[in-house]
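A.B. asks: The structure follows.
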Amino acid sequence: MKYALLDGKKIIAKPGLMGHCPSCGSELIPRCGNIKIHHWAHKSAKMCDNWWENETQWHRDWKNLFPNEWQEVVQIADDGEKHIADVKTTEGWVVEFQHSYLKHEERESRNKFYNPKFIWIVDGGRRKRDIKQFLKILDIQNIVRYQEIELFTNDNLLNRNTLIEEWGFSKGLVFFDFGKYEKLQDLWLLVTHSDLKTYLVPIAKEQVVQYLLEGNFEKLNQVILSLEKILIGDNRDRKTRYTVHLDYARMRKIQRIKGRNRL
Ligand SMILES: [Zn+2]
4 MKYALLDGKK IIAKPGLMGH CPSCGSELIP RCGNIKIHHW AHKSAKMCDN
54 WWENETQWHR DWKNLFPNEW QEVVQIADDG EKHIADVKTT EGWVVEFQHS
104 YLKHEERESR NKFYNPKFIW IVDGGRRKRD IKQFLKILDI QNIVRYQEIE
154 LFTNDNLLNR NTLIEEWGFS KGLVFFDFGK YEKLQDLWLL VTHSDLKTYL
204 VPIAKEQVVQ YLLEGNFEKL NQVILSLEKI LIGDNRDRKT RYTVHLDYAR
254 MRKIQRIKGR NRL
């Protein structure tokens with residue numbers, strides 16, 4: 004963890020300090036070696052939150068974009084189940100930064116626990132093949148345009164891409180982050196309904212962060228919800244597919260993928 008509690012205050016790990024876990028209250032010791040990022044660890048090997056994953060620099064870079072008091076917030080359900088949310092905004096949105104692979108059931112239990120204001124930011128740069136697969140989808144012929152928003156889709160997206168297969172049908176909002184990979188600088192929102200109705204929406208990372216910081220994420224969420232309704236609504240789908248084909252001819256002229264939506 005990035006923070007321990009000392010005299011009720013959040014402190015970061017430094018050699019010689021001692022602190023307590025904000026969730027279970029047990030003693031934490033600072034780990035300040037050269038290999039892993041500096042963090043607090045439980046004194047006993049037993050972790051108090053089995054959902055917690057070892058943090059990478061990727062996690063820290065994300066957390067650091069938000070105020071200290073929003074980071075590592077303990078969440079308690081009515082039945083006493085307790086977890087530490089990576090980030091919780093004043094609007095009540097919980098943001099989880101997920102680096103490692105999660106089994107379907109684990110993902111579902113988190114979706115349920117943090118429902119309904121829940122956002123996943125998934126590290127898309129963990130496996131090289133994911134980036135390769137992803138770049139294949141971003142062929143210009145797969146662009147769909149809905150009003151001013153550019154989306155990517157393709158028949159059978161769910162089966163062609165491991166990341167999408169793993170994260171499809173999530174109750175929480177799923178954004179893929181490919182970090183500093185040159186062609187994929189935005190966050191990619193995943194909209195899934197079925198293999199034929201799966202879309203990726205590139206949204207500038209700074210914009211998503213800004214909405215969260217300014218307490219306006221609900222506005223962005225409303226745009227996403229209406230987008231989802233139109234894209235995956237049964238009676239509208241035929242029309243959407245039409246638009247794909249119409250736009251295709253026009254889009255072929257575009258030489259490079261802009262991939263930057265302002266929502
Ligand atoms: Zn603990």
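Residues 4 to 266, numbered by our numbering, are exactly what the sequence shown covers, in order. From the three backbone atoms N, C-alpha and C, an ideal C-beta is built for every residue, glycine too.
1) Given that a residue counts as buried once 16 or more other Cβ atoms are within 10 Å of its Cβ, and exposed if not, what is G11?
2) If contacts are defined as beta-carbon pairs under 8 Å, then Y149 and E75 qualify, I think. What distance do you get, rounded to the angstrom?
3) Verify the contact flag: S47, CB atom, against every heavy atom of ligand 2, threshold strictly below 7 Å.
4) With 16 as the cutoff for other CB atoms within 10 Å, does S26 come out buried or exposed?
5) Within the same chain, show all residues whose beta-carbon is closer than 8 Å to that of K115, passing over the 5 residues directly before and after it, in chain order.
6) When you compare only the Cα positions, how much space is there between K222 and L20?
7) Are the Cβ atoms of I273 and V98 separated by less than 8 Å?
8) Does the beta carbon of C35 fall short of 7 Å from some heavy atom of ligand 1?
9) In chain order, what are the residue ranges of uninterrupted beta strand (DSSP E) at least 3 long that sit wholly in the segment 83-153?
10) If you measure between the beta carbons of A16 and H42, is that distance less than 8 Å?
11) Write down every uninterrupted run of the alpha helix (DSSP H) in the segment 9-50 whose length is 4 residues or greater and which is fully enclosed by it, in chain order.
12) Taking contact to mean at least 3 C-beta pairs separated by less than 8 Å, is the segment 29-39 in contact with the segment 183-199?
13) Is Y214 helix, strand or coil when you go by DSSP?
14) Using only CA atoms, which one of V147, G83, E217 and L161 lies nearest to Q136?
C.D. replies: So, from the listed chains and residues:
1) exposed
2) Not really, about 37 Å apart at Cβ, beyond 8 Å.
3) Ligand 2 is not part of this structure, which contains only ligand 1.
4) buried
5) K174
6) 42 Å
7) For the chain, the structure presents residues 4 to 266; residue 273 sits outside this window and is missing.
8) no
9) 85-91, 97-101, 121-126 and 146-149
10) yes
11) none
12) no
13) helix
14) L161
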